[in-house]
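Taking this note's numbering, the leading residue of the sequence shown gets 509, the next gets one more, and so forth. Please read the structure below before turning to the comments.
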Amino acid sequence: MAERSFAKEVEQLKLGDGATFRGEGILAVTKALLQSGVAYVGGYQGAPVSHLLDVLVDAEDMMAELGVHLETCTNEASAAAMLGASINYPLRGAVTWKSIVGTNVAADALSNLSSPGVMGGAMIIIGEDYGEGASVIQERSYAYAMKSSMWLLDPRPDLPTIVRMVEKGFELSEASHAPVMLELRVRACHVTGAFAAKTNRASAASGINRIGEPAKFNYARLAHPPLTFAHEKLKVDERLPAAQKFAREHKLNEFLDGDLKEIGIIVLGGLTNALLRALSRVGLADHFGHSRIPIYILNLAYPLIPDEVKSFCVGKRDVLIVEEGFPDYIEQAVNTELRRADIQTRIHGKGVFPKAGEYTGEVMLRAIGGYLDNLLSWGDFLFVQSTIDTLSEAMAIYQQAEELLGQRPKAAAAVGDIPPRPPNFCTGCPERPVFAALKLTQREIGPTHISADIGCHSFATFAPFSMGNSILGYGMSLASAAAVAPNLKARPISVMGDGGFWHNGLITGVASNLFNKNDGVLIVMQNGYTSATGQQYMPSSKASRQGAAPGMDVEQTLRSFGVKWLKKVRTYSVATMVKTLKEAMRTPVEGLKVIIADGECQLARQRRVRAEDAIKLKAGERVVRTKFGVDDEICTGDHSCIRLSGCPSLTVKPSPDPLRTDPVAAVIESCVGCGLCGEVAHAAVLCPSFYRAEVIQNASAWDRLLHRVRQTVIGWLAPKAVAA
Ligand code: SF4
Ligand code: SF4
C-alpha cells in the first residue's frame, strides 16, 4: 500500500525507442534506471523520493520481466549495503532514500562500499530535503561525497538532463569504479516535462539470467586493513582522475554562452532553473533559458573538473558562484583552483547570497541585485562601456522589483498577525488520543521528560500538545533517554512509531535498554504502516506488497527480547491509556515498561473503508458511518475538548444563544467518528455535550422501523423539538 498509486504512469515505463515520455521527474528517473539495464533496485522511502520507491513497487511485475530485483529495505543502511552486489559482480544497481538523514544512517555501508570500489555501476538517488518545507536537519549531502570519494550528480531540473545523468551516472561509476550519488531536490522530483524514451534494457546478468559462479576470493575487494590504505590511494590517484576525465569527455557539465563575456556564473545543476528565472526578471535571460551572462552548470557537483573551471574563469573579471547551503565547498574549491593557476578572476558567492538557507525565487533575485550592485560599483575600472550599460539597465529593473518587495512589510502590517498553522495529526488519527491521555496523566503525576522520535507522532510537538524534549533520529527515542533516566526523578517516556521500531528502534533502543537494564517507559505507536512517508508496508503490517502479511509482530518481538512489563492498549480508549500510563510511571517494577498503543492509521483506514463502502453502496448494501457532534445548548464554550484533542474537525461556531457571547464547540463534516471526543470528555470528566450519531445509507426495514419508533417517542417527550 502506498499513499498514491502510479499504476497508470507505470504504463509509460514500457515505452520504447522513439516514443515520447511525459511525466514527473521522479518517474523519469525510474524509466532511466530501466533504460540503463539495472539488475537490482531498492531503498527506504522518505520525502522527496518516497514516490520513487512507490513507482518501483507499482512497476514490480514489469521489472520482473527484465529480471530486476526489487527490495523494499527496512532502513537506509540495508539499502546501501545492497550495493555490495556491485563490488564483485558486473551488476548495475540503484538505491534511494531521503537525505541527509538517510545518508547518515547509511554512512557506514557507504564508506565500506566506496573503499574497495565497484565493478558494476552503483547509484544512490538521494532526495535532498533542504529548504522550505524540509522535514529534516539542514545539512548538505555534499560532505559525504567528498569524504568517501563518491561522485555527486546534481542534474539541472529538466527531464532530458535528469535522464541523461542517470544513464551517464552508471557509466561514470563503472569508468571510475566509484559509487555515484544523484541528488534530487523536491522541485526536481516533481518537475514535469518530456523526453525521448529508449527501449528498456535487461541486465546481462540478472534474476532471469543468473551468474554461474560466485566471485573468486579477492582480498582487495574487502574494506579491511591493510587494503584500506591502498584503497585511499586508489581513490585519489586513479578513481578521481578517471571520474574527471569521464565527465570532461562526456560533457556532464554544461556551458551556456552569453554576450557579457567579462563576467560569468557557476551554478549547481539543481539551481539552474531558479537562477535563469531571476536573470530573466532583470532582463538578463529570456524565458527559454538563453542568458546574457555565460553560465557554467555543474550537473556533476563533485568532483570539480579543474580544467573546466579554469577555462571558464580565465579572461573573466568576475564570477558568481551559486551554491545553496553551508559550507561553501564549491566557492572554496574554485578559489583554490584559480589561485593555484594564478588566475585573478574575482569570485563572489556567499556574501552576495546568504550563508545558509534555501535559494528561493526571492533570495535568488535579491542576490542577483546585490551582485549587479557590486559589479557596477567597480564597473568603470573593470568593464567595457557596453557591459556597464547592460548591467545598469538590469539594475534599474531590479530596483523596481526591490521597490515592490519593499512594500511587503507594509502589506504584512496591514493584514495584521496571521496565526501560525502548524502541521497536525489527520482527523481521527489514532496517535492523537495517546497524547490527550498523556496530557491528562501529567495533570496528575506532573510533567514528564518526553523523548520524541521521527514519525507522525512528532506532530505532538506542536499545539495543543507541545510535547517532546528531544528528537535524535528515526527510532532513536528510547536510546536518547538512556542518560536521562538515571538523572531524573520521574521516569522518562519515549515515544516511537512501529516504523521507527523496525527502522532502528528495536536494536538501538530496546536491545540497548534491556542490555543495560535501564528503567523507563516506551510507547510504541502501532498504526500498521510507515504512515508519515505515505503508508508503505513494513514488517508488522497486516499485508505486504506481495499480498500476505510479512508475519513479524511488535509484541512478540518485544517479549522474545525479554520485555516483561508490556501492555497493549487500543489508542482511542483514553481512560484505559491514562490508567496504563500512570501504572507504568508508578510501578515499582524496574526495567523497561512498554505500552503498545494500537490503532490503524486513520488515513490508511479511511482510504480502505471508503473503497469498501463504495462497493457496498453500489450493491445496495447497508453502510453505517459514525459521526460525533456537540449539543449547542449544553456546551459551555470553555473549549477544554479542543485543548485536549486538537482534532481539525473540532472547531468553534457562534453560540445560538443570544445571551452567551462565547463561541461553542462544533464538529464539522470531516469528522470520521473516531470517538476521541467522547472518550476525552469521559476520561477528563469534561462535559456531557458530545453525542454520537450513526448515518445509515441503504437502511434496512429494521432501521426504518426503529427510526419511526424513536421519532414517535421523542415526539411524546419533546413535541416542540420534533415539530421544529
Ligand atoms: S497519516 Fe495516519 S498516523 Fe499519520 S497523522 Fe495521519 S492518521 Fe495519523
Ligand atoms: S470524533 Fe471527534 S476527534 Fe474523532 S474525528 Fe470526529 S471530531 Fe475528530
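Yeah, the Cβ is synthetic: ideal placement off N, Cα and C, and Gly gets one too.
Which residues are close to ligand 1, meaning CB closer than 7 Å to any heavy atom, in chain order? Going along the chain, the residues that qualify are F933, C934, G936, C937, P938, E939, C964, F967, N1035, S1039, A1040, Q1043, C1109, Q1110, L1111, A1112.
In three-state terms, what does DSSP make of K539? Position 31 of the sequence shown, counted from the first residue, corresponds to residue 539. DSSP, reduced to helix, strand and coil, places K539 within a helical segment of the structure shown.
Alpha-carbon spacing of L787 relative to K706, whole angstroms: By one-based count along the sequence shown, residue 787 stands at place 279. By one-based count along the sequence shown, residue 706 stands at place 198. Taking the straight line from one Cα to the other gives about 34 Å.
Would a C-beta distance cut-off of 8 Å place F1009 and A968 closer than the cut-off? Taking the first residue of the sequence shown as 1, we reach residue 1009 at position 501. Taking the first residue of the sequence shown as 1, we reach residue 968 at position 460. In this structure, F1009 keeps its C-beta atom at 8 Å or more from the C-beta atom of A968.
Exposure label - I670; buried when at least 16 CB within 10 Å: Position 162 of the sequence shown, counted from the start, is the residue given in the question as residue 670. That one is buried.
Going by DSSP, what residue range makes up the beta strand (DSSP E) through S819? Counted from its first residue, the sequence shown places residue 819 at position 311. Taken as a continuous stretch (DSSP letters only), S819 belongs to no beta strand (DSSP E), being part of the alpha helix (DSSP H) at 814–821.
Alpha carbon to alpha carbon, what distance is there between H1215 and V1131? For this step, residue 1131 is matched to residue 623 along the sequence shown. For this step, residue 1215 is matched to residue 707 along the sequence shown. Their backbone Cα atoms lie some 16 Å apart in a straight line.
Using beta-carbon positions only, say whether D1106 and Q1034 come within less than 8 Å of one another. Within the sequence shown, the letter at position 598 stands for residue 1106. Within the sequence shown, the letter at position 526 stands for residue 1034. The answer is yes: Cβ separation under 8 Å.
Is DSSP giving T868 helix, strand or coil here? Looking up residue 868 in the sequence shown gives position 360. T868: coil per DSSP, three-state reduction.
Using 7 Å as the cut-off, classify the Cβ of V1180 as near or not near the heavy atoms of ligand 2, replying yes or no. Along the sequence shown, read from residue 1 onward, the residue named residue 1180 stands at position 672. Under cutoff, so the answer is yes.
A1232, buried or exposed, once every other Cβ within 10 Å from all chains shown has been counted against 16: For the purposes of this step, residue 1232 is taken as the residue at position 724 of the sequence shown. Any reading at A1232 must be qualified, since the residue scores a pLDDT of 47, below 50, and its modelled position is unreliable; the value itself is stated next. Looking at its Cβ environment, which holds fewer than 16 other Cβ atoms inside 10 Å, A1232 is exposed.
DSSP beta-bridge partners for D836? The sequence position of residue 836 within the sequence shown is 328, counting from 1. Per DSSP, none; premise fails for D836.
Taking the alpha carbon of A1051 as the reference point, which residue from G575, R1116, V1018, I1104 has its own alpha carbon closest? For the purposes of this step, residue 1051 is taken as residue 543 along the sequence shown, with counting starting at 1. The candidate whose alpha carbon is nearest that of A1051 is R1116.
Could you tell me whether the stretch 817–828 touches the stretch 679–697, using the rule of 3 or more Cβ pairs below 8 Å? Not touching, per the Cβ criterion.
Any chance the CB of Y1153 is under 7 Å from a heavy atom of ligand 2? In the sequence shown, the residue the question calls residue 1153 occupies position 645. Reading the sequence as shown, one finds Ser at residue 1153 and not Tyr. Distance from the C-beta of S1153 to the nearest heavy atom of ligand 2 is below 7 Å.
Just checking V1203 against ligand 2 - is the residue's beta carbon closer than 7 Å to any of the ligand's heavy atoms? Start at 1 with the first residue of the sequence shown, and residue 1203 comes out as number 695. Every heavy atom of ligand 2 is 7 Å or more from the Cβ of V1203, so no.
To which residues of the same chain is Q587 closer than 7 Å at the C-beta, ignoring the five residues directly before and after it? As a working note, residue 587 is residue 79 in the sequence shown. One point to set straight first is that residue 587 is Ala, not Gln, in the sequence displayed. So the qualifying residues of the chain are G550, G551, Y552, C581, V603, W605, A614.
Determine, for I1150, whether the minimum Cβ-Cβ distance to residues of chain B falls below 8 Å. This model lacks chain B altogether; it includes just one protein chain.
Contact test: C1195 Cβ vs ligand 2 heavy atom, cutoff 7 Å: Start at 1 with the first residue of the sequence shown, and residue 1195 comes out as number 687. With a threshold of 7 Å, the Cβ atom of C1195 does not count as near ligand 2, since no heavy atom of the ligand is closer than that.
For F973, is the beta carbon positioned less than 7 Å from some heavy atom of ligand 2? Numbered from its first residue, the sequence shown carries residue 973 at position 465. Placement of the Cβ of F973 at a distance of 7 Å or more from every heavy atom of ligand 2 is found.
Unbroken stretches of the alpha helix (DSSP H), 4 residues or longer, contained in the stretch 767–819: Runs found: 780–789.
Can L946 be considered in contact with ligand 2, in the sense that its beta carbon sits closer than 7 Å to one or more heavy atoms? For the purposes of this step, residue 946 is taken as the residue at position 438 of the sequence shown. Not one heavy atom of ligand 2 sits closer than 7 Å to the Cβ of L946.
Hey, how far is the Cα of A991 from the Cα of I855? For the purposes of this step, residue 991 is identified with residue 483 of the sequence shown, where counting begins at 1. For the purposes of this step, residue 855 is identified with residue 347 of the sequence shown, where counting begins at 1. A991 and I855: Cα-Cα distance of roughly 48 Å.
Classify L661 as helix, strand or coil using the three-state DSSP reduction. Working through the sequence shown from its first residue, we reach residue 661 at position 153. Strand, per DSSP.
Does at least one heavy atom of ligand 2 sit under 7 Å from the Cβ of G1107? Within the sequence shown, numbered from 1, the residue matching residue 1107 stands at position 599. Because no heavy atom of ligand 2 lies under 7 Å away, the Cβ of G1107 does not count as near it: no.
Three-state secondary structure (DSSP) at R1212? Here the question's residue 1212 lines up with position 704 in the sequence shown. The answer is helix: DSSP assigns R1212 an H, G or I state.
Taking the straight line between their C-alpha atoms, what separation do you get for S1049 and Q907? Position 541 of the sequence shown, counting from 1, holds the residue named residue 1049. Position 399 of the sequence shown, counting from 1, holds the residue named residue 907. When rounded, the separation of the alpha-carbon atoms in S1049 and Q907 is 57 Å.
With DSSP collapsed to three states, give me the class of E679. Stepping through the sequence shown from its first residue, residue 679 is reached at position 171. Helix, per DSSP.
For E636, which residues of its own chain have a beta-carbon under 7 Å away from its beta-carbon, when the five flanking residues on both sides are left out? Here residue 636 corresponds to residue number 128 of the sequence shown, with the count starting at 1. Closer than 7 Å at Cβ, skipping near neighbours: S607, S649, E691, L692, R693.
Which partner residues does E579 have in the DSSP bridge list? On the sequence shown, position 71 is the one that residue 579 refers to. Partner residues in the beta bridge of E579, as assigned by DSSP, are G550.
At a cut-off of 7 Å, would you count L1225 as near ligand 2, judging by its Cβ distance to the nearest heavy atom? To locate residue 1225, count along the sequence shown from 1; it is residue 717. No, ligand 2 has no heavy atom inside 7 Å of this Cβ.
With 16 as the cutoff for other CB atoms within 10 Å, does R709 come out buried or exposed? Within the sequence shown, residue 709 is the residue found at index 201, counting from 1. With a 10 Å radius around the Cβ and a threshold of 16 neighbouring Cβ atoms, R709 comes out exposed.
Where F763 sits in the DSSP three-state scheme: Here the question's residue 763 lines up with position 255 in the sequence shown. Correct three-state label for F763: strand.
Out of V1175, L792, R747, which has the shortest C-alpha to C-alpha gap to G766? By 1-based counting over the sequence shown, the position of residue 766 is 258. Nearest of V1175, L792, R747 to G766, Cα basis: L792.
Among P668, A642, P624, D666, which has the Cα closest to the Cα of M658? Taking the first residue of the sequence shown as 1, we reach residue 658 at position 150. Closest by C-alpha distance to M658, out of P668, A642, P624, D666, is P624.
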